[in-house]
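Student: Okay, so the sequence shown: first residue is 1 according to full-length UniProt numbering, each after it adds one.
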Amino acid sequence: MVKIRLAQELWDEIIDCLAARPSGVGHLAVLRSASLINRSCVGRAQSYIFYSISLGVGQSAETVAARLRLLMTLSPHLIQYVHKLEIQGGGIQVWAAIAAIPWSHVDQLILNRVGGSSIIIERIGVLAGLRSLRSLILRSIVEWEVSDYSDVIRRATGVRKITFVQCGIHRPKTPWARDGTVARPTYLGLSPASPILSLLFLAEFPVDLSQLAHIHCTGFTDPRINTFLRRISGTVTRISVNGRDQVLTAFDVTALPLLTQLDVFDAHQPFNRLLSSLPKKNRISVITLITYGLMYDARELESLLLGGTLPNLQNVNVQVLERPPEIEARNPTPPRSKTMRDCQVAFPRLYSMGLLSVEFVSYYEQPLIL
Numbered sequence: 001m002v003k004i005r006l007a008q009e010l011w012d013e014i015i016d017c018l019a020a021r022p023s024g025v026g027h028l029a030v031l032r033s034a035s036l037i038n039r040s041c042v043g044r045a046q047s048y049i050f051y052s053i054s055l056g057v058g059q060s061a062e063t064v065a066a067r068l069r070l071l072m073t074l075s076p077h078l079i080q081y082v083h084k085l086e087i088q089g090g091g092i093q094v095w096a097a098i099a100a101i102p103w104s105h106v107d108q109l110i111l112n113r114v115g116g117s118s119i120i121i122e123r124i125g126v127l128a129g130l131r132s133l134r135s136l137i138l139r140s141i142v143e144w145e146v147s148d149y150s151d152v153i154r155r156a157t158g159v160r161k162i163t164f165v166q167c168g169i170h171r172p173k174t175p176w177a178r179d180g181t182v183a184r185p186t187y188l189g190l191s192p193a194s195p196i197l198s199l200l201f202l203a204e205f206p207v208d209l210s211q212l213a214h215i216h217c218t219g220f221t222d223p224r225i226n227t228f229l230r231r232i233s234g235t236v237t238r239i240s241v242n243g244r245d246q247v248l249t250a251f252d253v254t255a256l257p258l259l260t261q262l263d264v265f266d267a268h269q270p271f272n273r274l275l276s277s278l279p280k281k282n283r284i285s286v287i288t289l290i291t292y293g294l295m296y297d298a299r300e301l302e303s304l305l306l307g308g309t310l311p312n313l314q315n316v317n318v319q320v321l322e323r324p325p326e327i328e329a330r331n332p333t334p335p336r337s338k339t340m341r342d343c344q345v346a347f348p349r350l351y352s353m354g355l356l357s358v359e360f361v362s363y364y365e366q367p368l369i370l
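#1: Is it true that the segment 180 to 194 meets the segment 149 to 157, where meeting means three or more beta-carbon pairs spaced less than 8 Å apart?
#2: Using CA atoms only, rank isn't needed, just tell me which of Ser-210, Arg-349 and Glu-300 is closest to Arg-230.
#3: Measuring only the C-alpha atoms, how far is His-216 from Leu-190?
#4: Tell me the rounded alpha-carbon separation between Thr-309 and Pro-223.
#5: Assuming Ile-287 and Leu-313 make a contact with CB atoms under 8 Å, what is their CB distance in whole Å?
#6: Rounded to a whole number of angstroms, what is the C-alpha to C-alpha distance between Lys-281 and Thr-254?
#7: Compute the distance between the beta-carbons of Val-159 and Leu-133, then report whether it is under 8 Å.
#8: Thinking Ser-104 and Ile-79 are a contact (beta carbons under 8 Å), I'd like their distance in whole angstroms, please.
#9: Based on DSSP bridge pairs, tell me the residues matched to Leu-111.
#10: From which residue to which residue does the alpha helix (DSSP H) around Tyr-351 run?
#11: Is it buried or exposed, Thr-73, if we count other Cβ atoms within 10 angstroms and call 16 or more buried?
#12: Looking only at its own chain, which residues have a Cβ that is under 6 Å from the Cβ of Asp-252, when we skip the five neighbours before and after it?
#13: Quick check on the DSSP output: what are the complete alpha helix (DSSP H) runs of length 4 or more inside the segment 213 to 254, in order along the chain?
#14: According to the Cβ coordinates, are Arg-113 and Ser-140 closer than 8 Å?
#15: Select from Asp-208, Gly-293 and Arg-336 the residue whose C-alpha is nearest the C-alpha of Lys-161.
#16: Give me, in chain order, the residues of the same chain whose beta-carbon lies closer than 6 Å to that of Gly-26; leave out the 5 immediate sequence neighbours on both sides.
#17: Identify every residue that forms a DSSP beta bridge with Asp-263.
#18: What are the complete alpha helix (DSSP H) segments, minimum 4 residues, inside the segment 146 to 201?
#19: Let's test the definition: count the other Cβ atoms within 10 Å of the Cβ of Asp-263 and tell me whether it reaches 16, buried, or not, exposed.
#20: Between the alpha carbons of Tyr-351 and Val-316, how many angstroms are there, rounded?
#21: Taking 8 Å as the threshold (beta carbon to beta carbon), is Ser-140 in contact with chain D?
#22: For Ser-276, count neighbouring Cβ atoms within 10 angstroms of its own Cβ and tell me buried if that reaches 16, exposed if not.
#23: Where in the segment 288 to 342 do unbroken runs of the beta strand (DSSP E), each at least 3 residues long, occur, reported from the N-terminal end onward?
#24: How far does the beta strand (DSSP E) with Val-126 in it extend, from its first residue to its last?
#25: Helix, strand or coil for Ser-47, going by three-state DSSP, please let me know.
#26: From Glu-300, Gly-293, Ser-285 and Thr-260, pick the residue whose C-alpha is nearest to that of Phe-271; which is it?
#27: Which one of Leu-274, Tyr-363 and Ile-53 has the shortest CA to CA distance from Pro-325?
#28: Take the Cβ of Asp-297 as the centre, count every other Cβ of all protein chains shown within 10 Å, and call the residue buried at 16 or more, exposed below.
#29: With Phe-271 as the anchor, note down where its alpha helix (DSSP H) starts and where it stops.
#30: Would you grab the beta carbon distance between Thr-260 and Ser-240 for me? Rounded to a whole angstrom, and I think it's under 8 Å.
#31: Which residues in the same chain as Gly-91 place their Cβ atom closer than 6 Å to its Cβ, once the five residues preceding and following it in sequence are excluded?
#32: Tell me, which residues are paired with Ser-75 by DSSP?
#33: One question on the structure: do Ile-101 and Leu-68 come within less than 8 Å of each other, judged by their Cβ atoms?
#34: Do you know whose CA, among Leu-368, Val-236, Phe-164 and Asp-342, lies nearest Ile-196's CA?
#35: What residue range is occupied by the uninterrupted beta strand (DSSP E) comprising residue 375?
#36: Who are the near neighbours of Ile-120 in its chain, counting only those whose CB is closer than 6 Å to its CB and skipping five residues on each side?
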């Protein structure tokens with residue numbers, strides 16, 4: 001290790017700068033090297049390295065269980081750095097090892113293709129009940145019964161964001177009893193999940209939507225989606241959609257009279273048609289365009305944004321997402337200065353009116369795209 005006398009705050013600042021570098025330059029490798037070079041860098045570097053961990057992705061059950069046991073016995077101090085925990089599949093052995101870890105700072109839990117045995121559901125419920133947890137993402141869950149969803153979500157009383165991505169229900173008519181506790185999310189994500197939409201209509205389902213402010217939904221062909229939008233119309237001020245979603249025009253945006261922000265990933269013709277259908281007296285003041293790069297002709301979009309359909313428009317925020325590390329390493333994105341200029345050229349009127357802003361979002365911090 002190198003011995004250089006600097007205040008700890010300066011070492012922390014160095015690590016923060018390294019962590020902010022684009023992922024294509026070897027984000028985690030740089031941090032690991034820094035922690036080996038100087039002892040003063042270890043704690044700060046580890047807080048980034050172990051911020052997010054994935055279990056079960058390309059790993060055997062024995063490997064996952066062994067690594068968790070090693071974490072618990074040799075490096076328990078690392079547990080405090082884990083804020084994002086993703087678990088894919090996993091049998092009884094893996095979940096026993098997961099349950100043995102005293103997770104204390106996990107604020108986002110992602111469950112992918114997880115089974116529905118009673119033992120696993122009970123252990124997931126414990127994770128869902130963590131005081132630190134704020135976001136719960138269920139992805140490709142197809143083995144859970146209605147009671148399993150209920151048992152997990154009723155424990156998530158501190159969670160503010162709940163997302164269902166391509167989830168189904170095993171034996172949907174199975175009855176269950178509602179417990180007294182409920183989740184009260186302010187954000188709800190729904191990707192083609194009509195069975196889940198059915199649950200949200202049931203009074204027994206342990207989700208209280210009275211505080212819901214932000215809904216993110218894509219791919220819905222279920223006509224009840226507009227009935228659902230009207231049900232939550234008294235609180236929702238923000239909606240996120242996919243601009244290529246061909247069923248966007250089926251959305252009745254008039255059902256959300258309090259809407260002030262509209263986010264779109266990959267704005268294209270379906271989104272343009274949605275803008276055209278907005279009521280003239282809408283309250284939308286912020287449009288967020290989420291993209292990996294402006295790959296489309298933005299002239300029509302700019303004309304719609306300034307054509308009178310958005311009388312209260314105050315800001316069009318272009319969020320440029322960093323691409324995955326493996327893609328960035330092979331084909332680096334242009335300098336940010338060029339991307340900034342491209343956005344200004346693509347939306348010249350918005351730029352000249354001071355309505356355009358551009359934000360660059362790290363791969364590790366970008367929002368979930370449904």
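Ideal Cβ positions, reconstructed from N, Cα and C, are used throughout, including at glycine. What you are looking at is a predicted structure, and each value in this text was computed from that prediction instead of being measured.
Tutor: So, from the listed chains and residues:
#1: The segment 149 to 157 and the segment 180 to 194 touch, with three or more beta-carbon pairs separated by less than 8 Å.
#2: Ser-210
#3: If you take the alpha carbons of His-216 and Leu-190, they lie about 6 Å apart.
#4: 25 Å
#5: 7 Å
#6: 10 Å
#7: yes
#8: Indeed they touch by this definition, with Cβ atoms about 6 Å apart.
#9: Ile-87 and Leu-138
#10: Counting along the chain, Tyr-351 sits inside the alpha helix (DSSP H) bounded by residues 348 to 352.
#11: exposed
#12: Result list for Asp-252: Asn-226, in chain order.
#13: Listed in chain order, they are 224 to 231.
#14: yes
#15: By alpha-carbon distance to Lys-161, the top candidate from Asp-208, Gly-293 and Arg-336 is Asp-208.
#16: Caution applies to Gly-26, whose pLDDT of 49 falls short of 50 and renders its modelled position unreliable; the model cannot decide the point.
#17: Within the DSSP secondary-structure output, Asp-263 pairs in a beta bridge with Ser-240 and Thr-288.
#18: Here the runs fully enclosed are 146 to 153 and 194 to 200.
#19: buried
#20: 9 Å
#21: The structure shown has no chain D; it contains just one protein chain.
#22: exposed
#23: 315 to 321
#24: Not the beta strand (DSSP E): Val-126 falls in the alpha helix (DSSP H), residues 118 to 128.
#25: helix
#26: Glu-300
#27: Tyr-363
#28: exposed
#29: 269 to 276
#30: Between Ser-240 and Thr-260 the Cβ distance is about 13 Å, and since that is not below 8 Å, they are no contact.
#31: Ala-61
#32: Bridge partners of Ser-75: none, in fact.
#33: Cβ distance < 8 Å, so Ile-101 and Leu-68 count as in contact.
#34: Phe-164
#35: The chain is shown only over 1 to 370; residue 375 falls outside these bounds and no answer can be derived.
#36: Trp-95
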